[in-house]
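Working notes, beginning with the structure itself.
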Amino acid sequence: MRITRADRSVLSDWWFTVDRLMFFGLLLLMGAGLVLSLAASPPIAEKYDLEHFHFVRRHAVLLIPAVAILFAASTLTPKQIRRTAFVIFLTGIALMILILFLGPEIKGAKRWLQLGSFSLQPSEFVKPAFIVLTAWLFNESQKRKDVPGLELAILTYAVFALLLVLQPDFGQTLLVTLVWGALFYMAGINMVWILALAGAGIAGLVTAYFLVPHVASRIDRFLDPASGDTYQADRSIDSFLNGGWFGRGPGEGTVKDVLPDSHTDFIFAVAAEEYGLIACLILLTLFAFIVLRGLSKASQEPDGFIRHAVAGLIMLFGLQTLINMAVNVGLLPAKGMTLPFISYGGSSLLAMALTMGFALGLTRKRPRADHIKHSARTEPEAEAPGARGQTA
52 MRITRADRSV LSDWWFTVDR LMFFGLLLLM GAGLVLSLAA SPPIAEKYDL EHFHFVRRHA
112 VLLIPAVAIL FAASTLTPKQ IRRTAFVIFL TGIALMILIL FLGPEIKGAK RWLQLGSFSL
172 QPSEFVKPAF IVLTAWLFNE SQKRKDVPGL ELAILTYAVF ALLLVLQPDF GQTLLVTLVW
232 GALFYMAGIN MVWILALAGA GIAGLVTAYF LVPHVASRID RFLDPASGDT YQADRSIDSF
292 LNGGWFGRGP GEGTVKDVLP DSHTDFIFAV AAEEYGLIAC LILLTLFAFI VLRGLSKASQ
352 EPDGFIRHAV AGLIMLFGLQ TLINMAVNVG LLPAKGMTLP FISYGGSSLL AMALTMGFAL
412 GLTRKRPRAD HIKHSARTEP EAEAPGARGQ TA
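Quick note on my numbering: the sequence shown kicks off at 52 and runs consecutively.
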């Protein structure tokens with residue numbers, strides 16, 4: 052089927068207005084994720100007495116709704132994205148509260164809602180919705196003094212961050228706080244507020260260190276490896292040394308046999324050992340291309356809401372990538388955070404598709420408001436000389 056500009060269908064309109072380079076870059080990431088899932092997940096399946104390619108098949112099946120969500124979200128208008136984000140945020144917050152009372156406890160945390168064979172993690176979907184709503188609230192606080200946008204943005208953050216801490220999920224809390232703080236700064240809020248919030252963030256980190264044992268343990272082991280077990284971090288770093296520039300070859304890696312989270316948190320280490328540093332640099336370049344292109348698109352947007360929302364969504368994508376890769380090479384303590392579109396994980400994959408679908412939808416080419424107004428003014432003027440001549 053050939054798509055032309057004369058065709059006024061939704062698909063044709065989307066094709067000629069969406070950022071196709073970013074879209075295909077995201078599809079490449081999804082393809083790379085499937086290949087790396089094939090490399091990393093079979094040993095994990097065997098540990099759980101599952102069929103050899105259990106996680107690979109699930110990952111492949113989940114790619115279908117992920118691509119559908121990416122496309123569907125990218126067809127929405129900014130107003131539709133804002134309304135969709137509002138519904139997702141309210142629903143997700145309600146589910147996060149419900150999980151605290153009824154959710155199963157897995158590895159000491161209550162983050163998931165069991166839906167048959169699928170485990171839903173609502174906080175993953177709340178993140179992009181939260182960013183879109185926060186961007187809108189900050190923008191409204193700048194445009195209209197009668198709207199308490201700043202106060203509502205702070206309240207929205209406080210509710211979401213509190214629920215994340217109660218799960219507990221300090222890695223996601225840190226990620227959300229960094230993105231929210233960046234949007235706060237971009238909104239041009241008084242520097243006193245920014246310094247006060249930075250102080251509150253540091254105080255929260257110190258409090259978590261002294262009151263939450265596993266947070267203190269991770270930080271201590273990162274700062275002083277001799278203070279505790281650093282087995283996973285050590286094996287991850289070894290995989291980069293063992294792989295060299297060109298890797299040991301597909302299926303020849305050993306790190307996936309000893310790391311319990313090789314198909315999720317440490318999949319980048321598996322890629323390094325089997326495909327080498329060259330492949331890792333190519334993957335890193337692809338991530339960097341998407342982030343830089345997204346931020347460039349955001350900087351060109353005249354609309355404050357779109358500019359802030361796109362920047363926030365891209366920062367969420369980029370920071371999560373940065374944190375995961377930094378953990379794999381020993382630059383950060385373990386966070387339990389997936390690599391976008393690469394790691395196995397249904398909620399993470401679908402939610403990141405929603406995140407980048409929103410970003411694609413907001414950056415689609417659309418007529419400038421001033422251009423529309425200008426056209427509306429000039430069209431009657433073009434008929435005016437003839438009309439005046441007839442009158443004369």
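Just so it is clear, CB atoms sit at the ideal spot from N, CA and C, and this is done for glycine as well.
Requested in this report: Run the CB neighbour count on residue 103, radius 10 Å, all protein chains shown included, and call it buried at 16 or more, exposed below.
Outcome: Position 52 of the sequence shown, counted from the first residue, corresponds to residue 103. Result: exposed.
Report task. Confirm, please, whether the CB-CB distance from residue 80 to residue 338 is below 9 angstroms. Result -> What you label residue 338 is simply residue 287 of the sequence shown in a count that begins at 1. What you label residue 80 is simply residue 29 of the sequence shown in a count that begins at 1. Their beta carbons are under 9 angstroms apart, which means residue 338 touches residue 80 by this criterion.
Requested in this report: Quick one: using the 10 Å Cβ neighbour count with 16 as the cut-off for buried, is residue 420 buried or exposed?
Outcome: As a first step, residue 420 must be located in the sequence shown, where it is residue number 369. Only weak support is given to the placement of residue 420: the predicted model assigns it a pLDDT of 48, under 50, and the question is left unresolved by the model.
Query raised in the report: Among the residues of its own chain, which have a CB less than 8 angstroms from the CB of residue 194, if the five just before and after it don't count?
Result: As a working mapping, residue 194 is identified with position 143 in the sequence shown. Here the set comprises 355.
**Report entry** DSSP three-state assignment for residue 160, whether helix, strand or coil
**Finding:** The sequence position of residue 160 within the sequence shown is 109, counting from 1. Looking at residue 160 - three-state DSSP - the assignment turns out to be strand.
Requested in this report: On the DSSP bridge assignment, give the partners of residue 169 in chain order.
Outcome: Working through the sequence shown from its first residue, we reach residue 169 at position 118. Paired residue(s): 166.
Query raised in the report: What is the rounded straight-line gap between the Cα of residue 202 and the Cα of residue 131?
Result: Against the sequence shown, residue 202 aligns to sequence position 151. Against the sequence shown, residue 131 aligns to sequence position 80. Approximately 24 angstroms, taken between the alpha carbons.
Query raised in the report: Between residue 389 and residue 141, what straight-line distance do the alpha-carbon atoms span, to the nearest angstrom?
Result: Here residue 389 corresponds to residue number 338 of the sequence shown, with the count starting at 1. Here residue 141 corresponds to residue number 90 of the sequence shown, with the count starting at 1. Whole-angstrom Cα-Cα distance: 24 angstroms.
Query raised in the report: So, is residue 347 buried or exposed, given that buried needs 16 or more other C-beta atoms within 10 angstroms?
Result: To locate residue 347, count along the sequence shown from 1; it is residue 296. So residue 347 counts as exposed.
**Report entry** Beta-carbon spacing of residue 314, residue 234 below 9 angstroms
**Finding:** Here residue 314 refers to the residue found at position 263 when the sequence shown is read from its first residue. Here residue 234 refers to the residue found at position 183 when the sequence shown is read from its first residue. In this structure, residue 234 does not lie closer than 9 angstroms to residue 314 by Cβ.
**Report entry** Boundaries of the alpha helix (DSSP H) in which residue 127 is found, first to last residue
**Finding:** In the sequence shown, counting from the first residue as 1, residue 127 sits at position 76. Residue 127 -> no alpha helix (DSSP H), and no H or E assigned at all.
Query raised in the report: Terminal residues of the continuous alpha helix (DSSP H) containing residue 74?
Result: Against the sequence shown, residue 74 aligns to sequence position 23. It spans 71-91 - the alpha helix (DSSP H) in which residue 74 sits, taken as one unbroken run.
Query - Three-pair Cβ contact test at 8 angstroms for the region 136-151 versus the region 165-179 - result: yes
Report task. Rounded to whole angstroms, what's the CA-CA distance from residue 169 to residue 196? Just pull it up for me. Result -> Translated into positions along the sequence shown, residue 169 becomes position 118. Translated into positions along the sequence shown, residue 196 becomes position 145. C-alpha separation (whole angstroms): 45 angstroms.
Query raised in the report: Would you say the region 317-332 touches the region 289-305, given that touching needs at least three Cβ pairs under 8 angstroms?
Result: yes
Query raised in the report: Would DSSP call residue 351 helix, strand or coil?
Result: Residue 351 sits at position 300 when you count from the first residue of the sequence shown. Coil.
Requested in this report: For the region 199-255, list the alpha helix (DSSP H) runs that are entirely contained and at least 4 residues long, ordered along the chain.
Outcome: 200-217 and 221-237
Query raised in the report: Just checking my contact of residue 345 with residue 297 at CB under 8 angstroms: how many whole Å lie between their CB atoms?
Result: The residue labelled residue 345 in the question sits at position 294 within the sequence shown. The residue labelled residue 297 in the question sits at position 246 within the sequence shown. The Cβ separation is near 31 angstroms, so there is no contact.
Query raised in the report: Where does the unbroken alpha helix (DSSP H) through residue 405 begin, and where does it stop?
Result: Counting from 1 along the sequence shown, the entry for residue 405 is found at position 354. Where residue 405 is concerned, the enclosing alpha helix (DSSP H) stretches over 397-413.
Query raised in the report: Alpha carbon to alpha carbon, what distance is there between residue 70 and residue 416?
Result: Indexing the sequence shown from 1 puts residue 416 at position 365. Indexing the sequence shown from 1 puts residue 70 at position 19. So the alpha carbons of these two residues sit roughly 8 angstroms apart.
Query raised in the report: Does DSSP classify residue 368 as helix, strand or coil?
Result: Counting from one through the sequence shown, the residue named residue 368 turns up at place 317. Here residue 368 sits in helix by DSSP.
Query raised in the report: Using CA coordinates, which residue listed in 333, 375, 397 and 412 is at the minimum distance from residue 364?
Result: Here the question's residue 364 lines up with position 313 in the sequence shown. Out of 333, 375, 397 and 412, 412 has the C-alpha closest to the C-alpha of residue 364.
Query raised in the report: In its own chain, which residues sit with a C-beta less than 7 angstroms from the C-beta of residue 216, not counting the 5 before and 5 after it?
Result: Indexing the sequence shown from 1 puts residue 216 at position 165. The answer, listed in chain order, is 224.
Report task. With DSSP as the reference, label residue 380 as helix, strand or coil. Result -> In the sequence shown, counting from the first residue as 1, residue 380 sits at position 329. In the structure shown, residue 380 sits in coil (DSSP, three-state: anything other than H, G, I, E or B).
Requested in this report: Just tell me which of 408, 403 and 414 has its CA closest to the CA of residue 178.
Outcome: For the purposes of this step, residue 178 is identified with residue 127 of the sequence shown, where counting begins at 1. Selected option, being the one with the closest Cα: 403.
Query - Among 204, 349 and 376, nearest to residue 331 - alpha-carbon criterion - result: As a first step, residue 331 must be located in the sequence shown, where it is residue number 280. Looking at the Cα atoms, 376 is the closest of the given residues.
Query - Supposed close pair residue 87, residue 318 - CB separation, criterion 8 angstroms - result: Counting from 1 along the sequence shown, the entry for residue 87 is found at position 36. Counting from 1 along the sequence shown, the entry for residue 318 is found at position 267. Confirmed, about 5 angstroms.
Requested in this report: State the Cα-Cα distance for the pair residue 395 and residue 110, rounded to the nearest angstrom.
Outcome: Indexing the sequence shown from 1 puts residue 395 at position 344. Indexing the sequence shown from 1 puts residue 110 at position 59. The alpha-carbon atoms of residue 395 and residue 110 are separated by roughly 6 angstroms.
Query raised in the report: Alpha carbon to alpha carbon, how far is residue 98 from residue 91?
Result: Numbered from 1 along the sequence shown, position 47 holds the residue referred to as residue 98. Numbered from 1 along the sequence shown, position 40 holds the residue referred to as residue 91. For residue 98 and residue 91, the distance between alpha carbons rounds to 13 angstroms.
**Report entry** DSSP-derived helix/strand/coil call for residue 311
**Finding:** Position 260 of the sequence shown, counted from the first residue, corresponds to residue 311. Three-state result, residue 311: coil.
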